[in-house]
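Every letter in the sequence shown is one number past the one before it in full-length UniProt numbering, and letter 188, counting from 1, is 188. For every residue, glycine included, the Cβ atom is placed at its ideal position computed from N, Cα and C.
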Amino acid sequence: MSKTVKDVELMIIGSGPAGLTAAIYAARAKLNAILIENAVVGGQVRSSYTIENYPGFKSVEGGKLADLMQEQALILGANIDEFDMVEKVYLSENEKIIETTNYTYHPEAVIISTGATPKKLPIPNEEQFEGKGIHYCAVCDGALYEGKVVGVVGGGNSALEEALFLARFASKVIIIRRYDYFKGEAATLEQVKNNPKIEIMYNYDLVKVNGSNFVEKAIVRNTQTGEKMDIALSAVFGYIGTEPKTELFKNYIDLNDQGYIKTDENMRTNIKGVYGAGDVRDKKFRQITTAVADGTIAALDAEKYIVEKKRGK
1 MSKTVKDVEL
11 MIIGSGPAGL
21 TAAIYAARAK
31 LNAILIENAV
41 VGGQVRSSYT
51 IENYPGFKSV
61 EGGKLADLMQ
71 EQALILGANI
81 DEFDMVEKVY
91 LSENEKIIET
101 TNYTYHPEAV
111 IISTGATPKK
121 LPIPNEEQFE
131 GKGIHYCAVC
141 DGALYEGKVV
151 GVVGGGNSAL
161 EEALFLARFA
171 SKVIIIRRYD
181 YFKGEAATLE
191 QVKNNPKIEI
201 MYNYDLVKVN
211 GSNFVEKAIV
221 RNTQTGEKMD
231 IALSAVFGYI
241 GTEPKTELFK
251 NYIDLNDQGY
261 IKTDENMRTN
271 IKGVYGAGDV
281 RDKKFRQITT
291 AVADGTIAAL
301 DAEKYIVEKK
311 RGK
């Protein structure tokens, strides 16, 4: 049975801060646009417990910020379709086809804002224990470990912020850091160091986890001496970076060595009328504020592209 074909001016794929911002600007421009999301609107922001570096909010829950962005987009008239997965794409300057589970779309312009997913911990039995003590979202799974000892692997803001969140539930949080420094914000690191429930293990790498059905201990190795030791804990939360969701687009869009979309300063890719925005884009800093900026620029340039295309320029 063939799918219904829909012609739209702009399709936005992914509903994190970049996608929602693009939807807001597209709605204000009165474009015939649609935002497609294969899960819940909000992206990784929705998994953040507390956000303290977004202008206008001293502190705001990630889910609340995502809800406010979505509400604003809907009030302005944005068309958002949740739980519809993009299955196939064809992208060229002259024709763009996006096939989802429910429809086949023919957009004039496309903004790819699919974001990135957490990298899996590089240990041999990660798959065996994922969801059984290995996790990648403290907000989602942290409450399962009330009164338990848990570990956090990573050295950026995400690792520091999630350690603070986990300290609300766990009896103790051990941060396993392979170097003797962190890449996170100084203010957040200071909070971590001042939290009596958090211990930092500098110069240690996670080698493996063990347990019967669930994680019971972690094996770590000192990165300077090579010495190994066991740590009794009930869970390990990984925050070692992200991987971009670009598998569907790799045959059309230029990507860097890590799979992130290459764009210019206007978010344009190598194909006219196709843009990359947010964490999926090749850039130095990945923050909510930079994602919002990307979504703004992509939507404004896409509007210009659509208008000029109709004029035959």
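With burial defined as no fewer than 16 other Cβ atoms inside 10 Å of the residue's Cβ, what is the status of residue i: buried or exposed?
i: ARG177; result: buried
i: GLU247; result: exposed
i: ASP230; result: exposed
i: PHE129; result: buried
i: THR263; result: buried
i: GLU265; result: exposed
i: ASP301; result: buried
i: PHE249; result: buried
i: ALA7; result: Reading off the sequence, residue 7 comes out as Asp, not Ala. Burial call: exposed.
i: LYS284; result: exposed
i: PRO244; result: buried
i: GLN258; result: exposed
i: GLU100; result: Going by the sequence as given, residue 100 is Thr instead of Glu. The residue in question, THR100, is buried, as its Cβ has 16 or more Cβ neighbours within 10 Å.
i: VAL220; result: buried
i: VAL41; result: buried
i: ALA232; result: exposed
i: GLY312; result: exposed
Return helix, strand or coil for residue i, following the three-state DSSP convention.
i: TYR239; result: strand
i: GLY131; result: coil
i: ASP180; result: coil
i: THR104; result: strand
i: TYR136; result: coil
i: ASN94; result: coil
i: THR117; result: strand
i: ASP141; result: helix
i: GLY155; result: coil
i: GLU303; result: helix
i: ILE231; result: strand
i: THR4; result: strand
i: ALA218; result: strand
i: LYS208; result: strand
i: ALA170; result: coil
i: LYS148; result: coil
i: ILE123; result: coil
i: ASP294; result: helix
i: GLU185; result: coil
i: LYS88; result: strand
Alpha carbons only, please: which of the options is nearest the one belonging to residue i?
i: VAL152; options: MET267, ALA138 and GLY63; result: ALA138
i: MET11; options: ARG46, PRO107, ALA27 and ALA73; result: PRO107
i: LYS120; options: TYR252, VAL60, ILE174 and PHE237; result: PHE237
i: THR104; options: LYS3, ASP279 and THR225; result: LYS3
i: ALA170; options: LEU68, TYR305, PRO196 and ASP279; result: PRO196
i: LYS30; options: SER113, ALA78 and VAL150; result: ALA78
i: SER92; options: ILE297, VAL292 and ASN251; result: ASN251
i: THR296; options: ALA26, ASN203, GLY115 and SER15; result: ALA26
i: LYS158; options: LYS96, THR117 and ASP180; result: Position check: residue 158 holds Ser in this sequence, whereas Lys was assumed. If we check each option's Cα against that of SER158, THR117 comes out closest.
i: TYR54; options: ARG286, GLY276, VAL307 and TYR305; result: ARG286
i: ILE111; options: VAL150, ILE253 and ARG311; result: ILE253
i: GLU242; options: ILE174, GLU37, ASP205 and VAL280; result: As written in the sequence, residue 242 is Thr, which differs from the Glu given in the question. The candidate whose alpha carbon is nearest that of THR242 is VAL280.
i: ASN38; options: ILE175, ILE51 and ILE80; result: ILE80
i: ASP84; options: SER15, GLY147, ILE51 and ASN210; result: SER15
i: ASP282; options: GLU303, ALA299, ASN210 and GLY115; result: GLY115
i: SER234; options: VAL86, VAL5, GLY133 and LYS64; result: GLY133
i: VAL5; options: ALA22, ILE98, SER47 and TYR90; result: ILE98
i: ILE271; options: PRO122, ASN194 and TYR90; result: TYR90
Alpha carbon to alpha carbon, what distance is there between residue j and residue i?
i: ILE288; j: TYR260; result: 17 Å
i: ILE198; j: GLY184; result: 16 Å
i: ASP141; j: HIS135; result: 7 Å
i: ASN94; j: GLY56; result: 41 Å
i: LYS172; j: VAL215; result: 16 Å
i: TYR179; j: GLY62; result: 29 Å
i: LEU20; j: LYS217; result: 41 Å
i: ASN256; j: GLY156; result: 22 Å
i: VAL207; j: GLY154; result: 14 Å
i: TYR49; j: GLN224; result: 34 Å
i: TYR305; j: GLY273; result: 7 Å
i: LEU144; j: TYR239; result: 18 Å
i: GLU126; j: ASN213; result: 13 Å
i: ASN203; j: TYR181; result: 9 Å
i: GLY43; j: GLU308; result: 31 Å
i: ALA109; j: MET69; result: 22 Å
i: LEU160; j: GLU71; result: 30 Å
i: ALA186; j: VAL192; result: 10 Å
i: PHE165; j: LYS96; result: 43 Å
i: ASP88; j: ASN102; result: Rather than Asp, the amino acid found at residue 88 in this sequence is Lys. Near 12 Å, if we compare the C-alpha coordinates of ASN102 and LYS88.
i: GLU82; j: GLU227; result: 49 Å
i: LEU74; j: GLU146; result: 37 Å
i: ASP294; j: ILE13; result: 14 Å
i: GLY211; j: ILE174; result: 18 Å
Indicate, with yes or no, if the ligand HEM has a heavy atom lying under 6 Å from the CB of residue i.
i: ASP7; result: With respect to the ligand HEM, the structure offers nothing, as it holds no ligand at all.
Self-check item: Every unbroken beta strand (DSSP E) inside the region 242-292 [3 residues or more]
Solution: Segments of the beta strand (DSSP E) lying fully in the region 242-292: 242-244 and 274-276.
Quiz item: Can you list the beta strand (DSSP E) stretches of 3 or more residues lying completely in the region 8-77, in chain order?
Solution: Look at the region 8-77 and you find these whole runs of beta strand (DSSP E), each 3 residues long or longer: 33-37.
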